[in-house]
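These notes are about the structure you will find just below.
There are 2 protein chains.
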Amino acid sequence: MWHAVKTLNAHNGYVCALIAKVARYSVSAALRKESVALVYKSHGDPMQVLKLQKLNLPALGDSEVLIKMLAAPINPADINMVQGTYAVLPELPAVGGNEGVGQVLEVGGHVTSFRPGDWVIPRDAGLGTWRKELVLKEHALLRVPSDIPLACAATLSVNPCTAIRMLSDFENLQPGNSVIQNAANSGVGQAVIQIAATKGIKTINVVRNRPNFQTLTEYLQSLGADYVITEESLRKPEMKDIFKNIPHPRLALNCVGGKSATEMLRHLQHGGTMVTYGGMAKQPVTAPVSSLIFKNVKLCGFWMTQWKRDHEHEMGELNEMISSLCSLIRQGKLKAPAYTEVPITDYKTALENAMKPFSSSKQILVM
Amino acid sequence: MWHAVKTLNAHNGYVCALIAKVARYSVSAALRKESVALVYKSHGDPMQVLKLQKLNLPALGDSEVLIKMLAAPINPADINMVQGTYAVLPELPAVGGNEGVGQVLEVGGHVTSFRPGDWVIPRDAGLGTWRKELVLKEHALLRVPSDIPLACAATLSVNPCTAIRMLSDFENLQPGNSVIQNAANSGVGQAVIQIAATKGIKTINVVRNRPNFQTLTEYLQSLGADYVITEESLRKPEMKDIFKNIPHPRLALNCVGGKSATEMLRHLQHGGTMVTYGGMAKQPVTAPVSSLIFKNVKLCGFWMTQWKRDHEHEMGELNEMISSLCSLIRQGKLKAPAYTEVPITDYKTALENAMKPFSSSKQILVM
Chain A
1 MWHAVKTLNA
11 HNGYVCALIA
21 KVARYSVSAA
31 LRKESVALVY
41 KSHGDPMQVL
51 KLQKLNLPAL
61 GDSEVLIKML
71 AAPINPADIN
81 MVQGTYAVLP
91 ELPAVGGNEG
101 VGQVLEVGGH
111 VTSFRPGDWV
121 IPRDAGLGTW
131 RKELVLKEHA
141 LLRVPSDIPL
151 ACAATLSVNP
161 CTAIRMLSDF
171 ENLQPGNSVI
181 QNAANSGVGQ
191 AVIQIAATKG
201 IKTINVVRNR
211 PNFQTLTEYL
221 QSLGADYVIT
231 EESLRKPEMK
241 DIFKNIPHPR
251 LALNCVGGKS
261 ATEMLRHLQH
271 GGTMVTYGGM
281 AKQPVTAPVS
291 SLIFKNVKLC
301 GFWMTQWKRD
311 HEHEMGELNE
321 MISSLCSLIR
331 QGKLKAPAYT
341 EVPITDYKTA
351 LENAMKPFSS
361 SKQILVM
Chain B
1 MWHAVKTLNA
11 HNGYVCALIA
21 KVARYSVSAA
31 LRKESVALVY
41 KSHGDPMQVL
51 KLQKLNLPAL
61 GDSEVLIKML
71 AAPINPADIN
81 MVQGTYAVLP
91 ELPAVGGNEG
101 VGQVLEVGGH
111 VTSFRPGDWV
121 IPRDAGLGTW
131 RKELVLKEHA
141 LLRVPSDIPL
151 ACAATLSVNP
161 CTAIRMLSDF
171 ENLQPGNSVI
181 QNAANSGVGQ
191 AVIQIAATKG
201 IKTINVVRNR
211 PNFQTLTEYL
221 QSLGADYVIT
231 EESLRKPEMK
241 DIFKNIPHPR
251 LALNCVGGKS
261 ATEMLRHLQH
271 GGTMVTYGGM
281 AKQPVTAPVS
291 SLIFKNVKLC
301 GFWMTQWKRD
311 HEHEMGELNE
321 MISSLCSLIR
331 QGKLKAPAYT
341 EVPITDYKTA
351 LENAMKPFSS
361 SKQILVM
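Chains as they are written, first to last, in the UniProt record's numbering: chain A, 1 to 367; chain B, 1 to 367.
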């Protein structure tokens, strides 16, 4: 049996413990049947360390649910976790993947929230979603409607949730206000664009320059992006033209760090906030002293996993968020990022594509 | 006539306007009498550009107060303002100095808040306090009790106010909690030590290493400092010993920037805040992405001048702060930093001493 307890030692020396959750397999319990999972026994190159292997499923407890996973994405954090470079790491061996959607096959005698056929997503990260079947405690799951596209359900619990929280929890944004974000074509970035557009919030979207910049620009504009610019443009006079049309941003969303973050800070309004939720450039966030003192900008971070834990006993708020996101999805206002479905048996292709630079198609494993 | 309107262009490109205040002199108005002031007509080396010169005082308006300045300190920000390196700069020519205490000599017919003999301090920065006499609007002044030491009154409006606000406005500190600060022997630093001690808040005080480190340590301990360490010690294992006795700080007060700030961040508690109020190292503040995301630390800034402006219409809060500080002073719990009184005519000596590295005696000009 394996209770996925995780500890980490982030490079700043801070030790954080991921709370024990309950993705279980067992060789000792009465055998129900076998599952197949992408397991890694040591950290390293995902292409090398991840192996598709059989796992025995435990007998179903009274408060447990047997789930058939339907689809699970490969997110950058999942890759970093396998590589051992993420700030929180599982005990090994571990099953890869932190989000995805499954269908309830069977429920224990005391389970009241779910019925066979329901679509469910994990409430928390760290459960190992790259597998065919698994047994989870009832309280570790959230129901999602089964009338939304599979890819939307599979990618609902991390990126769109991160986007909606960052747009809501730091600045009181009103229609006409603006937001600037880097890595704007990431899963979170695309969700930010779409959710902001529904609220009448203008977005300035920064992406790395690339051969297909114009195509990407048009795609992001089709989602509702007001401005799409390159990292280089952040320093250039053309920024002034943008601010003839829309106000300076009250909120900056930083998934990159380094220069990109510092440049975004320069464009923030007096009193604005920069929320860091990723560090793709692997460089720290640097703020001029004068921005802090005289411009009163605030810097903070956001981690969806922490938010969910902080709100563990407020199911209402979590359900409300999921429900409002599903409503946007049904209205066609929130699309899944461009994606490719890959059978789990062909996981090596999916991993390879997921790790390509400028990868613009989310790899989703289907089981 | 000269309404001290100031504009600046901080190096981050942000333009902030210091609101017009009313330190006046005039050659055209009916001559009352002359004052003497330390005036600079261009930015540069304070030893070169500051000149003691006569200024004519304007006739006293109905809502105005004629003040004889008693004492005014030379603060680092005053020096930077003369040098032209501070983020906010006055229109030139300007009179140096931003705080100090004066005595009311005469009041206009409509003035109700003050009487001759009262001690007053300017409500805002930028009035030019290095002078013998000046005329100010009634609303530009605050009364302070005349039973506190002159040096305390002269240095009340910036450093102790900054200290008390930073200890109150960012984290809800309880007795037994701890605070870490660099530049701990600065005027603000000494006030932080003393005010924290009255609240049962533990202080970890970081200073640059120096020949008289032991003497300085003993002095800061006499004010109530719990720990005094050098910048180098911030990285060393001895820090662990401190945290056997007191909790990791919830609040870091940063007057330095650069490495010092990053090192303090490492010791912050999960969810803690670093408030930047100065940048002595002339280096930006750098935070690891993981501290922001996984440790949830927050970075912000504090500028007393801005606080006063934001609270311009809340005289109650400002008066309450001054009154509680004066109460601590009377109880002997808040001393002025070590200081030297220098006649304004000997301003060159005072400036020279104020600009020495490791200067440990505040220079106070007396008129």
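Glycine included, each C-beta is placed from N, C-alpha and C at the ideal position.
Beta carbon proximity, residue i to chain E, threshold 7 Å
i      : result
B:G271 : The structure shown has no chain E; the protein chains it does contain are A and B.
First and last residue of the uninterrupted beta strand (DSSP E) at residue i
i      : result
A:N205 : 202-207
A:R143 : 141-144
B:C300 : 298-301
A:P343 : 339-343
A:I180 : 178-181
B:Q174 : Where B:Q174 is concerned, there is no enclosing beta strand (DSSP E), given that its DSSP letter is neither H nor E.
B:G102 : 101-107
A:S35  : 34-40
A:L134 : 133-137
Closer than 7 Å to chain A by CB, residue i
i      : result
B:W307 : no
B:N80  : no
B:T286 : yes
B:C300 : yes
B:S26  : The predicted model places B:S26 with a pLDDT of 41, which falls under 50 and marks its position as unreliable; any figure quoted below should be read in that light. By this cut-off, B:S26 is not an interface position.
B:K348 : no
B:N212 : no
B:T276 : yes
B:N296 : yes
B:A29  : The predicted position of B:A29 is uncertain, since its pLDDT is 39 and thus under 50; a value taken from the coordinates is nonetheless stated next. So no, B:A29 is outside the interface.
B:A4   : Unreliable positioning characterises B:A4 in this predicted model, as indicated by a pLDDT of 35, which lies under 50. A coordinate reading is not provided.
C-beta neighbour in chain B for residue i, strict 7 Å
i      : result
A:I293 : yes
A:A77  : no
A:L52  : no
A:W303 : yes
A:A23  : In this predicted model, A:A23 has a pLDDT of only 47, less than 50, meaning its place in the structure is not dependable enough to derive any value.
Per-residue contacts from residue i into chain B (C-beta, under 9 Å)
i      : result
A:K240 : In chain order: nothing, as chain B lies at least about 11 Å away.
Residue burial classification, residue i (beta-carbon count within 10 angstroms, cutoff 16)
i                      : result
A:M315                 : exposed
B:Q214                 : exposed
B:L92                  : exposed
A:H313                 : exposed
B:E232                 : exposed
residue 384 of chain A : Coverage of chain A is limited to positions 1 through 367, which leaves residue 384 of chain A absent and any answer about it impossible.
B:D226                 : buried
B:K308                 : buried
B:P250                 : Per the sequence presented here, residue 250 of chain B reads as Arg, with Pro not at that position. Per the 10 Å Cβ criterion, buried.
A:K51                  : exposed
A:P211                 : exposed
B:H110                 : exposed
A:R131                 : buried
B:N177                 : buried
Chain-ordered neighbours of residue i on chain B, where CB pairs are closer than 8 Å
i      : result
A:G257 : V289
Run of the alpha helix (DSSP H) containing residue i, from where it starts to where it stops
i      : result
B:N353 : 347-355
B:S360 : Counting along the chain, B:S360 falls outside any alpha helix (DSSP H), and DSSP gives it neither H nor E.
A:M69  : Counting along the chain, A:M69 falls outside any alpha helix (DSSP H), though it belongs to the beta strand (DSSP E) covering 64-73.
A:V120 : It is not in any alpha helix (DSSP H) - A:V120 instead sits in the beta strand (DSSP E) that spans 119-122.
Under 8 Å: do the stretch 110-120 of chain B and the stretch 350-357 of chain B share three or more Cβ pairs, one atom per stretch? no
Could you tell me whether the stretch 319-327 of chain A touches the stretch 104-111 of chain A, using the rule of 3 or more Cβ pairs below 8 Å? no
Does the contact criterion of 3 or more C-beta pairs under 8 Å hold for the stretch 286-295 of chain B versus the stretch 172-191 of chain B? no
Looking at C-beta atoms only, is the number of pairs between the stretch 36-48 of chain B and the stretch 137-157 of chain B that lie closer than 8 Å three or more? no
When the Cβ atoms of the stretch 237-244 of chain B are set against those of the stretch 154-174 of chain B, are three or more pairs found closer than 8 Å? no
Any chance the stretch 356-367 of chain A sits against the stretch 333-346 of chain A, with 3 or more Cβ pairs inside 8 Å? yes
Do the stretch 255-271 of chain B and the stretch 259-277 of chain A make contact, defined as three or more Cβ pairs closer than 8 Å? no
Say whether the stretch 57-65 of chain A touches the stretch 154-167 of chain A, bearing in mind that this needs 3 or more beta-carbon pairs closer than 8 Å, one atom from each stretch. no
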